[in-house]
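Engineer:
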Amino acid sequence: MSRVPRPFLGIALGGALLAGVALSATAAVATTSASAPSTGASLHPIARQVAQPAPFGIEQVLGHVPDLAAEPGAHGGQGARAGGFDAAPGTLGASAAGDEPDPTPTATPEPTATEPTTDPTGEPTATAEPTATAEPTATAGPTATAGPTATAEPTVTAEPTATQPTATTPAPTPSATPTTPPVDKTAPTGTFVLSTTGLWVGQTATLKQNALADNVTEAAQIRRVVNWGDGSAPVTLAPGATQATKSYTKAGKFTVSVTLTDAAGNPAKAKIDKPAMTITVPGAYKLSKKAVWPGEKFKVTISKVPSGTKAIDIDWGDGWVQPLKGKNQSFDTFYWLNSRDQPVKPGTYTIRAKFTNANGTSAAILVGKISVRKDSWKPKVGFTKPAKSKANKVSSWKTLRGTASDKGAGLRTVWVYPYRFTATSEYCYTAKKTWRKIRSDADIDKYCGVRVKVSKGKWSLKLSGMRKGYHAFVLLGADWSEKVGRAEVAPRLTRN
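In terms of mature numbering (1 follows the signal peptide of the UniProt record, and there is no 0), the sequence shown is residues -27 to -1, 1 to 469.
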């Protein structure tokens, strides 16, 4: 059982110094009064107002995309070379079929000797010498002519010499004529696809490349610039990258585009199936109050929750984050202690929500703002003492009575700590209505004290087992800003 702040008592009773009465320094109170919201020691007040009490921090939430090889581009005539030959080169200087010379020479008939004619005068007439027949010649060579022979002796024909055909030298192949490649005027092509066409603000869209090609430029050299359509700076994809991601920061309809440019400077728009992206803000919100005291309840209403919502997380602005179910809902809550177990400071707090579905978690969405007022007053508490004539009687203290009130935030809790002292021991009164011997401050924190209910500014507590001796009664009241009021009384009871 935890307590409100606890200073030590220094009460002199008949020369004896009483031991200090201890209360916890920072913890909350385990139970609540009817006039204040129910709270607990280990949970934030918000957690006790909603279905899921465990607070946790908002986590912010991308997939494997295969590295798509670029399609090979057509070369568009780059493979053909201007000025090529259609047939194999021929052999320059070759004879036509049938033009080969006959290697066998034609025999020349032997010359016929002419008989001398007898002149009528009786004188023989000289006959001209026969002419030798020319030697046969080869087709390409010159013809040799035999010299004249004597008339008396026949001319012997020279042996014919076979003429060898002249060897033919192949003609050299002419070198190719240099040509200028045609100017590239063909733009690249590509296709992309969006992971979805509808998201909440802050969720991530993925643009994937399915194909990329050009007739000349390699795919890795094609420049790709993504425009997300929301006015943000265009994004140039790195060579080899096949996807890009985007988290939109505002609601609206945006058209996504990709500009492709090859090495020749030819631009083109890539094809994107369903390029329009719709971004929305989920939910509608309402706060019942604009300003509250610490501990003062106000209502939060969440409506128009989209179907498929898995969870809603509320950030209260004081360090606490509250998980809620992903549905329409309304609940009461209040400000008290921050996530460091310190009283919330006065000021304006911004309440935000994050929604989660199959596409991930949204950005923080404004639910509203609320002001926590400054509490400048601490509680006023006190005992109603019996008359002086009866102040030392046991019967006068069997029922403790008193008052408690507070301005501003209001009372959160009021506790009474009854103590009894002997010469050797110290006892305290417990919530089980028994007196327990205490040996340490830890025992006081664990066992001592009773929370009392305040009604119309008054409280009372019946004590059992009262007896004569030294007593001390400590009264503590704390408000929702953790300001504490204190009162104590230390009677010595000598009569019943």
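We put the CB at the ideal spot given by N, CA and C, even for glycine.
Which residue marks the beginning of the alpha helix (DSSP H) containing Ala415, and which one marks its end?
Structural biologist: Locating residue 415 in the sequence shown gives position 442, counting from the first residue. Residues Asp414 to Tyr420.
Engineer: Classify Arg197: buried if its beta carbon has 16 or more other beta carbons within 10 angstroms, exposed otherwise.
Structural biologist: To locate residue 197, count along the sequence shown from 1; it is residue 224. Taking a 10 Å sphere around the C-beta of Arg197, we find 16 or more other C-beta atoms and assign the residue as buried.
Engineer: Please state whether DSSP places Val367 in a helix, a strand or coil.
Structural biologist: The residue you call residue 367 lines up with position 394 of the sequence shown. Helix, per DSSP.
Engineer: Any idea what DSSP makes of Ala178, helix, strand or coil?
Structural biologist: Taking the sequence shown and counting its residues from 1, the one referred to as residue 178 is at position 205. The DSSP-derived three-state label of Ala178 is strand.
Engineer: Whether or not the region 243 to 263 and the region 168 to 180 are in contact is what I'm after, with contact meaning three or more pairs of Cβ atoms, one per stretch, closer than 8 Å; do they touch?
Structural biologist: yes
Engineer: When the Cα atoms are used, what is the spatial distance from Ser369 to Glu455?
Structural biologist: Taking the first residue of the sequence shown as position 1, residue 369 is located at position 396. Taking the first residue of the sequence shown as position 1, residue 455 is located at position 482. Roughly 32 Å between the two C-alpha positions.
Engineer: Just reading off the beta strand (DSSP E) that residue 505 is part of, what are its end residues?
Structural biologist: As displayed, the chain neither begins before -27 nor continues past 469, which places residue 505 out of reach and without an answer.
Engineer: Less than 7 Å between the C-beta atoms of Thr177 and Thr218, yes or no?
Structural biologist: As a working mapping, residue 177 is identified with position 204 in the sequence shown. As a working mapping, residue 218 is identified with position 245 in the sequence shown. Yes, these two residues count as a Cβ contact at 7 Å.
Engineer: Applying the criterion that 16 or more other CB atoms from any shown protein chain within 10 Å of the CB defines a buried residue, is Gln295 buried or exposed?
Structural biologist: Position 322 of the sequence shown, counted from the first residue, corresponds to residue 295. With 16 or more Cβ atoms within 10 Å of its Cβ, Gln295 is classed as buried.
Engineer: Per DSSP, what kind of secondary structure is Ser433 in: helix, strand or coil?
Structural biologist: In the sequence shown, residue 433 corresponds to position 460, counting from 1. DSSP places Ser433 in strand when its eight states are reduced to three.
Engineer: Can you name the start and end residues of the beta strand (DSSP E) that Leu384 belongs to?
Structural biologist: As a working note, residue 384 is residue 411 in the sequence shown. Leu384 -> beta strand (DSSP E) spans Leu384 to Phe394.
Engineer: Trp173 bridges to which residues according to DSSP?
Structural biologist: As a working note, residue 173 is residue 200 in the sequence shown. The partner list for Trp173 (beta bridge, DSSP) reads Thr253.
Engineer: Can you list, in chain order, the residues of its chain whose CB lies under 6 Å from that of Thr321, leaving out five sequence neighbours each side?
Structural biologist: Walking along the sequence shown from the start, residue 321 turns up at place 348. Hits under 6 Å: Lys342 and Ser344.
Engineer: Counting pairs of Cβ atoms below 8 Å between the region 429 to 442 and the region 411 to 418, do you hit three or more?
Structural biologist: no
Engineer: What does DSSP give as the partner residue(s) for Ile195 in the beta ladder?
Structural biologist: Position 222 of the sequence shown, counted from the first residue, corresponds to residue 195. Paired residue(s): none; Ile195 is not in a bridge.
Engineer: Just the Cα atoms here: how many angstroms apart are Thr386 and Lys358?
Structural biologist: What you label residue 386 is simply residue 413 of the sequence shown in a count that begins at 1. What you label residue 358 is simply residue 385 of the sequence shown in a count that begins at 1. Between Thr386 and Lys358, the C-alpha separation is close to 21 Å.
Engineer: Can you give the Cα-Cα distance for Ala382 and Lys405, rounded to whole angstroms?
Structural biologist: Along the sequence shown, one-based indexing puts residue 382 at 409. Along the sequence shown, one-based indexing puts residue 405 at 432. Rounded to whole angstroms, Ala382 to Lys405 spans 30 Å at the Cα level.
Engineer: For Lys426, which of helix, strand or coil comes out of DSSP?
Structural biologist: The residue you call residue 426 lines up with position 453 of the sequence shown. Coil, per DSSP.
Engineer: Which same chain residues, not among the five before or five after residue 482, have their C-beta less than 7 Å away from its C-beta?
Structural biologist: Outside the displayed range of the chain (-27 to 469) lies residue 482, so it cannot be described from this structure.
Engineer: Suppose you measure from the CA of Ser205 to the CA of Lys263; what does that come to, to the nearest Å?
Structural biologist: Counting from one through the sequence shown, the residue named residue 205 turns up at place 232. Counting from one through the sequence shown, the residue named residue 263 turns up at place 290. So the alpha carbons of these two residues sit roughly 36 Å apart.
Engineer: Considering Trp408, what are the terminal residues of the beta strand (DSSP E) in which it resides?
Structural biologist: Residue numbering aside, residue 408 sits at position 435 when the sequence shown is read from its first letter. Start and end: Trp408 to Lys410.
Engineer: Beta strand (DSSP E) containing Val340: first to last residue?
Structural biologist: Counting from one through the sequence shown, the residue named residue 340 turns up at place 367. Ile338 to Val345 is the extent of the beta strand (DSSP E) around Val340.
Engineer: Using 8 Å for Cβ pairs, my map puts Ala243 next to Thr190. What's the rounded Cβ distance?
Structural biologist: For the purposes of this step, residue 243 is taken as the residue at position 270 of the sequence shown. For the purposes of this step, residue 190 is taken as the residue at position 217 of the sequence shown. Actually they are not in contact, since the Cβ atoms of Ala243 and Thr190 sit about 14 Å apart, beyond 8 Å.
Engineer: Could you tell me if Ser276 is buried or exposed, where buried requires 16 or more neighbouring beta carbons within 10 angstroms of its beta carbon?
Structural biologist: As a working note, residue 276 is residue 303 in the sequence shown. Exposed, by the Cβ-count rule.
Engineer: Report the residue from Ser280, Val340, Ala192 and Lys300 whose alpha carbon sits nearest the alpha carbon of Leu260.
Structural biologist: As a working note, residue 260 is residue 287 in the sequence shown. With respect to the C-alpha of Leu260, the residue from Ser280, Val340, Ala192 and Lys300 having the closest C-alpha is Val340.
Engineer: Which two residues bound the contiguous beta strand (DSSP E) that contains residue 550?
Structural biologist: Any question about residue 550 goes unanswered here, given that the chain covers just -27 to 469.
Engineer: What three-state label does DSSP hand Ala300 in the structure shown?
Structural biologist: Here residue 300 refers to the residue found at position 327 when the sequence shown is read from its first residue. Per the sequence shown, residue 300 should be read as Lys rather than Ala. Coil, per DSSP.
Engineer: Need the endpoints of the beta strand (DSSP E) that Leu167 sits in, please.
Structural biologist: In the sequence shown, counting from the first residue as 1, residue 167 sits at position 194. Start and end: Thr162 to Leu167.
Engineer: Since Ala182 and Gly163 are thought to touch, with beta carbons under 8 Å apart, how far apart are those beta carbons, to the nearest angstrom?
Structural biologist: The sequence position of residue 182 within the sequence shown is 209, counting from 1. The sequence position of residue 163 within the sequence shown is 190, counting from 1. In the sequence as displayed, the identity of residue 182 is Gln instead of Ala. The Cβ separation is near 7 Å, so the contact holds.
Engineer: Among the residues of its own chain, which have a CB less than 7 Å from the CB of Arg409, if the five just before and after it don't count?
Structural biologist: If you number the sequence shown from 1, residue 409 lands on position 436. Residues Tyr400, Cys401, Thr403 and Tyr420 of the same chain have their beta carbon placed closer than 7 Å to that of Arg409, with the five preceding and five following residues left out of the count.
Engineer: Considering just the uninterrupted stretch of the beta strand (DSSP E) at Glu455, what are its terminal residues?
Structural biologist: Taking the sequence shown and counting its residues from 1, one reaches residue 455 at position 482. Premise fails: Glu455 is in no beta strand (DSSP E) and is neither H nor E.
Engineer: Given Thr234, which residues of its chain have a CB within under 6 Å of its CB, disregarding the five upstream and five downstream residues?
Structural biologist: Position 261 of the sequence shown holds residue 234. Around Thr234: Arg196 and Pro240.
Engineer: According to DSSP, is Lys226 part of a helix, a strand, or is it coil?
Structural biologist: Here residue 226 refers to the residue found at position 253 of the sequence shown. In the structure shown, Lys226 sits in a strand (DSSP, three-state: E or B).
Engineer: Please report the straight-line C-alpha distance between Trp266 and Tyr392, rounded to a whole angstrom.
Structural biologist: Position 293 of the sequence shown, counting from 1, holds the residue named residue 266. Position 419 of the sequence shown, counting from 1, holds the residue named residue 392. Taking the straight line from one Cα to the other gives about 35 Å.
Engineer: Does the ligand FAD have even one heavy atom less than 6 Å from the beta-carbon of Asp418?
Structural biologist: Inclusion of the ligand FAD in the displayed structure is not the case, the ligand content being empty and no account of it being possible.
Engineer: Could you tell me which residues DSSP puts in a beta bridge with Asp286?
Structural biologist: In the sequence shown, the residue the question calls residue 286 occupies position 313. Pro296 and Lys327, per the DSSP bridge assignment.
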